[in-house]
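For reference, the structure is listed below as structure tokens.
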Amino acid sequence: MKKINSIFLCLALSALFFLTGCKDKAVPSSVVDTVINNKALIINEIVNVDSKSSLAEISDEEYEVKADFFEANGLKFADKDVFVSAVNSDIAAEEEAGKALKVMEDNDIVVSGNEEDGYKTTIKFMFAEREVNMNVAYDGNMNITDITFSPVYSMGEAMTKAALNTLLGMGSVFCVLVLIMCIIYLFGIIPKIQKASADKKAKKEKVSTEASVDKTIANIVEKEEGELVDDTELVAVISAAIAAYEGNGSADGFVVRSIRKSQSKKWQNAQY
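Counting in my numbering, the sequence shown runs from 50 upward without gaps.
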């Protein structure tokens, strides 16, 4: 039992030493001093500047001049894009929260991080309509890698915004589902439309074919009637012969429409 207690005690001490070793080291005072000094320059050169639009479109030559001024005063940006991004972020914050009025908690600056991962700090501002946080990130050499201005919303505003986002998301999903249903419904209608079109086309072709057949028959009848006109005497003789064969005195009961040569040889055996 004593051995088990000793094992648990060793494990607890090991965990305690491990957690103590993992605790972040205190941020050097030189880093805090740099952050405090940079805060004033950032406020004067970005936050309180009237012509921010010109800063957002600053040329390379103009930025080089400004970067030399910043570096002479201990403020270093990683590159021009970081500076321009900071200006645009401040412009966006002013569009939503109004002009910057003052810095809140001026003497309470908290810096976190280390030399390997970089340092971060947040400076609170009071704008005309709401509070805004300025988040500044540094690398291990104290070069500013990012500056963002984020308006602070109340719980009610945050809940309202979340509800609107939820409704927008659900509405988008609902619209997509309705669109899918419409597409599926069209899959059932399209074959019917295609069949109706095919039937209509077939009907037209049938009518056209019947008209062609009727025209062909009419041409044949007309041709045969024309042949009969040319063989009037022969028709008269044949009609009289048929009438005599049938025992009729007249040929009015029948009409000779055409005369064709028979291919049968039975007429060769006929007796005269």
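Yeah, the Cβ is synthetic: ideal placement off N, Cα and C, and Gly gets one too. Quantities reported herein were computed from a predicted structural model and do not represent experimental measurements.
Whether residue i touches residue j by CB criterion (9 Å)
i: V76; j: L104; result: no
i: A177; j: K148; result: yes
i: G123; j: N163; result: no
8 Å contact criterion, which residue i and residue j should meet: CB distance rounded
i: F132; j: L90; result: The pair is not a contact, with the Cβ atoms about 12 Å apart (cut-off 8 Å).
i: Y112; j: K125; result: Going by Cβ atoms, the distance from Y112 to K125 rounds to 13 Å, so no, they are not a contact pair.
i: I95; j: D139; result: 6 Å
i: S199; j: N182; result: 5 Å
i: I85; j: I158; result: 6 Å
i: L324; j: M175; result: Nothing in the structure corresponds to residue 324, since the chain is present only between 50 and 321.
i: E110; j: M153; result: About 36 Å; that fails the 8 Å criterion.
Helix, strand or coil at residue i according to DSSP, with G and I counted as helix
i: M191; result: coil
i: V76; result: coil
i: A127; result: coil
i: S138; result: helix
i: C71; result: Low confidence applies to C71: its pLDDT is 47, below 50, so where it sits in the model is not reliable enough to give any reading.
i: V98; result: coil
i: G237; result: helix
i: A177; result: coil
i: N122; result: coil
i: Y112; result: helix
i: I167; result: Here the sequence assigns Gly to residue 167, which means Ile is not the residue at that position. Three-state DSSP puts G167 in a strand.
i: G147; result: coil
i: V185; result: strand
i: I91; result: helix
i: V160; result: strand
i: S261; result: helix
i: S103; result: helix
i: Y321; result: Note that Y321 scores 47 on pLDDT, short of 50, meaning its location in the model is unreliable and no value can be drawn from it.
i: V363; result: It is not possible to answer for residue 363, since the shown part of the chain is limited to 50 through 321.
i: S203; result: coil
i: T197; result: strand
i: I232; result: helix
i: V256; result: helix
i: V133; result: helix
i: I172; result: strand
i: V222; result: helix
Cα-Cα separation, residue i to residue j
i: K249; j: F236; result: 21 Å
i: S221; j: L228; result: 11 Å
i: N214; j: E145; result: 18 Å
i: I325; j: K115; result: The question about residue 325 has no answer here: the residues shown for the chain are numbered 50 through 321.
i: S246; j: A260; result: 21 Å
i: I238; j: N268; result: 45 Å
i: A142; j: V225; result: 34 Å
i: K72; j: V80; result: Note on K72: pLDDT 47, under 50, position unreliable in the model; the coordinate value appears next. So the two alpha carbons sit approximately 19 Å from each other.
i: A127; j: M230; result: 53 Å
i: A121; j: S78; result: 20 Å
i: Q243; j: A251; result: 12 Å
i: I266; j: K241; result: 37 Å
i: T258; j: K264; result: 10 Å
i: M208; j: M219; result: 16 Å
i: E165; j: S108; result: 32 Å
i: I291; j: K255; result: 41 Å
i: F223; j: I232; result: 14 Å
i: T83; j: E106; result: 27 Å
i: F234; j: K253; result: The sequence as given places Tyr at residue 234; Phe does not occur at that position. So the alpha carbons of these two residues sit roughly 29 Å apart.
i: A212; j: S134; result: 30 Å
i: L217; j: D117; result: 47 Å
CB contact check: residue i to chain B, cutoff 9 Å
i: G162; result: Judged by its chain identifiers, the structure shown contains no chain B, having just a single protein chain.
For the structure I just gave you, are there three or more beta carbon pairs, one from the region 204-213 and one from the region 91-104, closer than 8 Å? no
Check whether the region 182-190 and the region 161-171 touch, using three or more Cβ-Cβ pairs below 8 Å as the test. yes
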